[in-house]
Structures are given as C-alpha cells and as structure tokens.
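Engineer:
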Amino acid sequence: MTSTILHPMAWTNERLCLSENTGLKKALLKMIVVENGNSAKSNNISSDFLTNRNLPTHDNMSLLKFFAINALELSAPASPVLLQQNNPTNIVTPGWLQLSGHPESIAPAANGIVRKRVTGPTDSEIIAYQALTADSCASKIIPKYIGHREINGESYIELQDLLHGFKEPSVMDIKMGCRTFLESEVTNKTLRPDLYKKMILVDPEAPTEEEHKAQAVTKLRYMLFREQMSSSQTKGFRIEAMKIKGSSPITDLKTIKSDTEVRQLVGKFLQKRRSVTKELVKRLKNMRALIEKSDYFRSHEVVGSSVFIVYDDHHVGAWMIDFAKNKVLPEGIQVDHRKPWIPGNCEEGLLHGMDELIKVCEGIYEDSK
Numbered sequence: 001m002t003s004t005i006l007h008p009m010a011w012t013n014e015r016l017c018l019s020e021n022t023g024l025k026k027a028l029l030k031m032i033v034v035e036n037g038n039s040a041k042s043n044n045i046s047s048d049f050l051t052n053r054n055l056p057t058h059d060n061m062s063l064l065k066f067f068a069i070n071a072l073e074l075s076a077p078a079s080p081v082l083l084q085q086n087n088p089t090n091i092v093t094p095g096w097l098q099l100s101g102h103p104e105s106i107a108p109a110a111n112g113i114v115r116k117r118v119t120g121p122t123d124s125e126i127i128a129y130q131a132l133t134a135d136s137c138a139s140k141i142i143p144k145y146i147g148h149r150e151i152n153g154e155s156y157i158e159l160q161d162l163l164h165g166f167k168e169p170s171v172m173d174i175k176m177g178c179r180t181f182l183e184s185e186v187t188n189k190t191l192r193p194d195l196y197k198k199m200i201l202v203d204p205e206a207p208t209e210e211e212h213k214a215q216a217v218t219k220l221r222y223m224l225f226r227e228q229m230s231s232s233q234t235k236g237f238r239i240e241a242m243k244i245k246g247s248s249p250i251t252d253l254k255t256i257k258s259d260t261e262v263r264q265l266v267g268k269f270l271q272k273r274r275s276v277t278k279e280l281v282k283r284l285k286n287m288r289a290l291i292e293k294s295d296y297f298r299s300h301e302v303v304g305s306s307v308f309i310v311y312d313d314h315h316v317g318a319w320m321i322d323f324a325k326n327k328v329l330p331e332g333i334q335v336d337h338r339k340p341w342i343p344g345n346c347e348e349g350l351l352h353g354m355d356e357l358i359k360v361c362e363g364i365y366e367d368s369k
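Heads up: the sequence shown at position 261 corresponds to 261 in full-length UniProt numbering, and the numbers run straight through without jumps.
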C-alpha cells in the first residue's frame with residue numbers, strides 16, 4: 001500500500017560545492033556530498049510516519065537532492081549547469097548530468113533547512129510564501145516556509161525538503177498554466193534578433209515572411225511560440241523534467257505536446273503502479289479543491305508555478321512550488337484560473353492545467369486495470 005504525504009519534510013545535511021575548473025568558477029555546481037556518508041538528524045517538524053526512516057543511498061540521494069533543490073528554484077529563466085556526482089572516497093564517478101537552474105544561489109544549511117538567495121526582505125518569493133503560509137488552504141499544498149534570514153549581508157529564504165523520507169523516489173516537475181510569463185515581460189514591442197535566432201533553432205519554419213525578412217521577433221511573439229511548442233497552451237501544463245527510479249533525469253521534454261505524448265510520458269513515470277496513480281489522483285484533486293477555496297489564489301495571478309510529484313514504494317507526495325512571479329490582482333479584476341488568456345485579464349490557466357493533469361492521471365489509472 002502507498003500513502004499520500006500531505007506535509008512537507010526536513011532537509012538532510014548536505015553541502016553544495018562550486019567547481020574550481022578553469023572557466024567554470026562561480027558558474028557551475030560541481031558536486032553534492034553527504035558528509036561522512038551520514039544523514040543528518042531530523043528537526044522538530046512533525047512528520048510522524050517518517051520518523052527514523054533510512055535515507056536513500058549516497059549516490060542516489062546526491063542526485064535526487066540536486067533535482068529537488070532545482071525544482072524548488074524560484075527564479076527564471078533557467079540556465080543549464082553540469083552536475084558531477086562524487087562518491088564517498090572522493091573518486092569522481094563517470095558521467096555528467098545536465099540540469100537547469102541557478103544552483104550557485106542555493107545552499108543547504110544546518111538542521112535540515114535549504115537556503116535560497118533572494119534580493120532582500122521585500123523579494124517577491126518572500127512575500128508570496130508569507131501570504132501562502134497565512135492562507136489556511138494554500139499552506140497545505142506548498143513546501144514548509146521556515147522564514148527569511150540575513151547572513152553576511154546576503155538575504156535568504158529558507159524552505160523544507162520535499163524528498164526526505166522517500167527511498168529511491170521517482171520525481172516529476174510539471175510547469176502549470178497556459179501562460180507561464182508575466183504580461184509585464186512582453187509589453188516591449190522591440191524586435192529582437194536574439195529571439196528570432198532562438199526560434200529558428202527550434203523550428204526554422206516558425207517565423208512569418210515578415211519576421212524572416214526582419215530577422216527579429218518581439219518577446220511576446222517568442223513567448224507565445226515557446227508555449228505553443230509544448231502542451232502548455234492546450235493542456236495548461238507541460239512536463240519540465242522527471243526522474244524514474246534507477247534511471248537518469250530527463251529534462252529535454254518541452255516539445256512534448258500531443259495528448260498521446262503527454263499520456264505516454266506520465267504513464268512511463270507512473271510505471272503502471274495503480275496504487276501510486278490512485279493516491280496521486282486523490283492528492284491532485286485535494287490540491288485543486290484547496291486552490292478553489294483559497295483566498296490567496298482567488299486574489300492573485302499565479303504565473304510559472306509548478307506541481308512537484310514524488311513517490312517511492314510506500315508513499316506519494318505532490319506540492320505546488322515556484323511562486324516568484326505571483327502578483328496581486330489589480331482592483332476590479334477577477335480570475336477563475338481557467339478562462340483563456342486575453343492581454344489584460346490576468347488569467348494564466350492554473351486550474352485548467354490541474355483539470356487536464358487529473359484527467360490524464362485518471363485515464364492512466366483506468367487503463368491499468
């Protein structure tokens with residue numbers, strides 16, 4: 001039997017080290033090392049059924065910890081980095097893994113807390129987490145917010161782990177919404193050659209005749225093109241990355257678009273495990289109901305948020321993460337998070353994406369009979 005994890009959990013004591021390779025200093029995360037191969041003691045956060053559970057093995061956990069930290073990264077756009085795992089004897093293990101994120105701004109702290117650098121006490125992430133934590137519904141579907149700290153002149157937000165207590169988990173990061181960019185990001189109508197080059201690298205036929213002639217596109221045009229390349233525009237979600245137990249993370253998924261492709265990928269992630277799929281559907285429906293009841297979600301535009309899913313042989317968990325782009329709705333504007341986006345209406349399609357994600361998982365559950 002599997003059980004649904006409804007509460008966030010605590011970070012283990014691991015250390016992030018920057019690469020010293022020439023040309024990569026201060027740019028790459030080189031390795032994640034568990035000190036002396038020992039897990040840290042848990043903090044005082046209540047999570048009864050996880051008490052005294054063994055952590056995954058060193059090699060698996062170092063990779064998965066980075067993946068979780070990466071998923072909790074709240075800044076965008078993300079840039080590729082290389083992760084090289086290290087074993088307890090300091091012999092570099094073969095193979096490199098390319099992931100996205102800004103690991104140079106993230107560092108674990110003592111007592112199982114992860115710190116992520118922010119701009120200051122008025123940073124949008126801090127404001128979002130404070131408001132979400134104060135909301136009786138929203139607080140049940142997000143990572144535990146520890147607080148804000150100033151250390152050596154730097155500001156940090158502190159969050160809890162979403163992986164501690166799982167053994168060799170499978171994880172998936174799903175970007176929610178039909179629109180994952182702020183309206184303020186695309187108001188500039190300047191034609192940009194750099195975005196044109198990015199567009200033709202993906203699809204040389206995508207630009208119009210006029211755009212080919214100008215060899216430039218606006219940011220709005222490029223952002224809409226990017227959404228259309230994935231399932232974001234139609235389903236209201238796209239799969240950003242996933243890792244299945246025993247395999248390497250997969251991050252090149254942004255062109256997964258059709259119903260068949262999405263269903264096959266989610267099905268591959270769930271591995272025909274009916275109990276896991278059933279618990280996941282239950283959790284997603286609970287999350288949807290809480291979002292619909294939440295005063296916070298009723299009064300905010302929620303752009304670029306994600307659903308982070310974790311499961312192992314015994315437990316299933318899912319949370320909402322990524323709130324840096326959340327905005328209070330202008331006076332007189334109401335959203336239901338399902339209507340199509342029209343510039344100015346602040347709709348982003350969060351709940352439309354939840355509806356569609358639940359349908360996909362329900363279909364997979366029915367097919368597994």
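Yeah, the Cβ is synthetic: ideal placement off N, Cα and C, and Gly gets one too.
#1: By the 10 Å Cβ neighbour count, where 16 or more other Cβ atoms means buried, how is Q233 classified, buried or exposed?
#2: Specify, as a first and last residue, the run of the beta strand (DSSP E) that E173 falls within.
#3: Grouping DSSP H, G and I as helix and E and B as strand, with all else coil, what is I126?
#4: Look at K339 and E347 and say whether their C-beta atoms are less than 7 angstroms apart.
#5: At which residue ranges does the segment 190-220 contain complete alpha helix (DSSP H) runs of 4 or more residues, listed in the order of the chain?
#6: Quick check on DSSP: helix, strand or coil for N60?
#7: Can you tell me which of the three DSSP states S184 falls into?
#8: Using 8 angstroms as the cut-off, can you tell me whether the segment 242-259 makes contact with the segment 341-357, which would need three or more C-beta pairs spanning the two stretches below that distance?
#9: Quick one: residues in its chain with C-beta nearer than 8 angstroms to the C-beta of E292, no 5 flanking neighbours on either side, listed in chain order?
#10: Just to confirm before moving on: does the CB-CB distance between I174 and F237 stay below 7 angstroms?
#11: Between the C-alpha atoms of F323 and Y296, what's the straight-line distance to the nearest angstrom?
#12: Could you tell me whether any Cβ in chain D is nearer than 7 angstroms to the Cβ of K213?
#13: On the three-state DSSP scale, how would you describe D355?
#14: Return helix, strand or coil for S248, following the three-state DSSP convention.
#15: With distance defined between alpha-carbon atoms, name the residue in I141, R192 and L220 nearest to T180.
#16: Specify, as a first and last residue, the run of the beta strand (DSSP E) that K243 falls within.
#17: Shortest alpha-carbon distance to E154 belongs to which of N326, P121 and K235?
#18: Taking Cβ to Cβ, would you say V262 is nearer than 7 angstroms to C361?
Structural biologist: This is what the structure holds:
#1: So Q233 counts as buried.
#2: The sequence given here has Asp at residue 173, not Glu. That run of the beta strand (DSSP E) goes S170 to M176.
#3: Here I126 sits in helix by DSSP.
#4: Yes.
#5: If we require 4 residues or more, the alpha helix (DSSP H) runs fully inside the segment 190-220 come out as 193-202 and 209-214.
#6: For N60, the pLDDT reaches just 49, beneath the cut-off of 50, and the residue's location in the model is therefore unreliable, although a value from the coordinates is still provided. Assignment of N60 by DSSP, reduced to helix, strand and coil, places it in the helix class.
#7: Three-state result, S184: helix.
#8: No, the segment 242-259 does not touch the segment 341-357.
#9: Taken in chain order, the residues that qualify are L351.
#10: Yes, the pair counts as a contact, with Cβ atoms nearer than the cut-off.
#11: Between the alpha carbons of F323 and Y296 lies a distance of about 12 angstroms.
#12: Any reference to chain D falls outside this structure, which holds one protein chain only.
#13: D355 falls in the helix class under three-state DSSP.
#14: Taken through DSSP and simplified to helix, strand or coil, S248 comes out as coil.
#15: Measuring from the Cα of T180, the nearest candidate turns out to be L220.
#16: Note, K243: beta strand (DSSP E), F237 to K243.
#17: Per the C-alpha coordinates, the member of N326, P121 and K235 positioned closest to E154 is P121.
#18: No, Cβ-Cβ distance for V262 and C361 is not below 7 angstroms.
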